[in-house]
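Chains as they are written, first to last, in our numbering: chain A, 41 to 194; chain B, 41 to 194. Read the structure below first, then the notes.
This is the structure in structure tokens:
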């Protein structure tokens, strides 16, 4: 196990003896683990959303099952990244703007908006109608962009 | 959209006009996209499995809901990486051993073994019994290690 999950074992060692449930921050051993986690989760989400978007935009052929499958995974992935925006993770290998922590409620609202739009896309993707999928892709994409414009540094 | 998903749009452009469903390889624009995708998916999986393992090993306090939630996500994540082990992705920023492609059936069997063990862990994690969770964590960890030992370069 040591070779497989060194960072988790370090986290575990650091936390040994705690008797209460762990707060979100304690789920990551080091700030850079949280940064890597959220970037990785967002990349996987973006890959799957991107495929649905490419179909909606007519850039790749529409395939109803592929759209539904990718929307499902993107929706699941949309739930993961935000627990990792913990205090102290505005530095390092990240484009996260410090504004995120200065206005956390607004940031969380923007994240929630994206999750809601992605969930709506997931529902319509199961319906297989390209026009409704296209509309939902547009709304979801807007919610991605709004958050990036406000909270991602170039 | 262009700012958000440039690699997907490049993939889309490259694929425009195809009239059939896309093979796995065509789901990634460039070999490095496939490499990044599988590494990112494996890292997210490892983070969640690592938390269950840390509880099973007594390194962090056992919390039944946290174990079940993390096992669920790890199981979902376990399904994602393998479609990205496409031909031509043994080079670049990867530790994937070229043996993977020389003996793809054996590699796929090792991947399936891990997915099966993770799915079993997910079932027992919902039961909340730390001893059965511990046993399933052990089997899952062994399946991770077997594949890394055989197919991951140092």
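For every residue, glycine included, the Cβ atom is placed at its ideal position computed from N, Cα and C.
- Message: Beta-carbon within less than 7 Å of residue 166(A)'s beta-carbon, same chain only, minus the 5 sequence neighbours each way: which residues are those?
- Response: Counting only Cβ-Cβ distances below 7 Å, and skipping sequence neighbours, we find 108.
- Task: Measure the alpha-carbon distance for residue 161(A) versus residue 173(A) and round it to whole angstroms.
- Result: The alpha-carbon atoms of residue 161(A) and residue 173(A) are separated by roughly 6 Å.
- Query: For residue 114(B) versus residue 181(B), is the C-beta spacing smaller than 8 Å?
  - Reply: No.
- Taking Cβ positions, are residue 117(B) and residue 88(B) nearer each other than 8 Å? A contact, by the Cβ cut-off of 8 Å.
- Query: For a contact meaning CB atoms closer than 7 Å, what does residue 80(A) contact in chain B?
  - Reply: Contact of residue 80(A) with chain B by beta-carbon distance below 7 Å involves 80, 83, 84.
- Where does residue 192(A) fall in DSSP's three states? Three-state result, residue 192(A): strand.
- Message: Comparing C-alpha positions only, which one of 176(B), 76(B), 111(B) sits nearest to residue 86(B)?
- Response: Residue 86(B) has its Cα closest to that of 111(B), out of 176(B), 76(B), 111(B).
- Collapsed DSSP secondary structure at residue 74(B) in the structure displayed: Look at residue 74(B) here: in three-state DSSP terms it is helix.
- Task: From the DSSP output, read off the bridge partner residues of residue 136(B).
- Result: According to DSSP, which records beta bridges pairwise, residue 136(B) is partnered with 192(B).
- Task: Take every Cβ of the segment 130-148 of chain A, pair it with every Cβ of the segment 68-80 of chain A, and state whether three or more of those distances are shorter than 8 Å.
- Result: Proximity of the segment 130-148 of chain A to the segment 68-80 of chain A meets the contact definition, three or more beta-carbon pairs being nearer than 8 Å.
- Could you tell me the boundaries of the alpha helix (DSSP H) in which residue 155(B) lies? Note, residue 155(B): alpha helix (DSSP H), 144-167.
- Task: Verify the CB distance criterion: does residue 76(B) have a CB-CB separation below 8 Å to chain A?
- Result: Using a CB distance cut-off of 8 Å, residue 76(B) counts as an interface residue toward chain A.
- Are the C-beta of residue 67(A) and some C-beta of chain B separated by less than 8 Å? Among the residues facing chain B, residue 67(A) is included, as its CB has a counterpart in that chain under 8 Å away.
- Own chain, CB closer than 8 Å to residue 132(B), minus 5 neighbours either side, in chain order: Within the same chain, residue 132(B) has close Cβ partners 71, 72, 75.
- Item | Exposure of residue 184(B), with buried meaning 16 or more beta-carbon neighbours within 10 Å | Buried is the call here.
- Query: For residue 161(A) and chain D, any beta-carbon pair shorter than 8 Å?
  - Reply: Absence of chain D from the displayed structure is noted, the protein chains being A and B.
- Task: Determine, using beta carbons only, whether residue 126(B) and residue 191(B) come nearer to each other than 8 Å.
- Result: With respect to residue 191(B), residue 126(B) sits apart: the two C-beta atoms are not nearer than 8 Å.
- So, using beta-carbon positions, are residue 120(B) and residue 84(A) closer together than 8 Å? Yes. Within cutoff.
- Give the secondary structure of residue 96(B) by DSSP, where H, G and I count as helix, E and B as strand, and everything else as coil. Helix at residue 96(B).
- If you draw a straight line from the C-alpha of residue 146(A) to the C-alpha of residue 152(A), how long is it? Going from the Cα of residue 146(A) to the Cα of residue 152(A) covers about 10 Å.
- Output the boundary residues of the alpha helix (DSSP H) element that contains residue 115(A). Unbroken alpha helix (DSSP H) run through residue 115(A): 104-118.
- Task: Could you tell me which chain A residues have their CB closer than 7 Å to the CB of residue 116(B), listed as they occur along the chain?
- Result: Ordered by position in chain A, the residues that pass the 7 Å Cβ test against residue 116(B) are 116.
- Taking the CB atoms as reference points, tell me whether residue 164(A) and residue 176(A) lie closer together than 8 Å. In contact: residue 164(A) and residue 176(A) (Cβ atoms closer than 8 Å).
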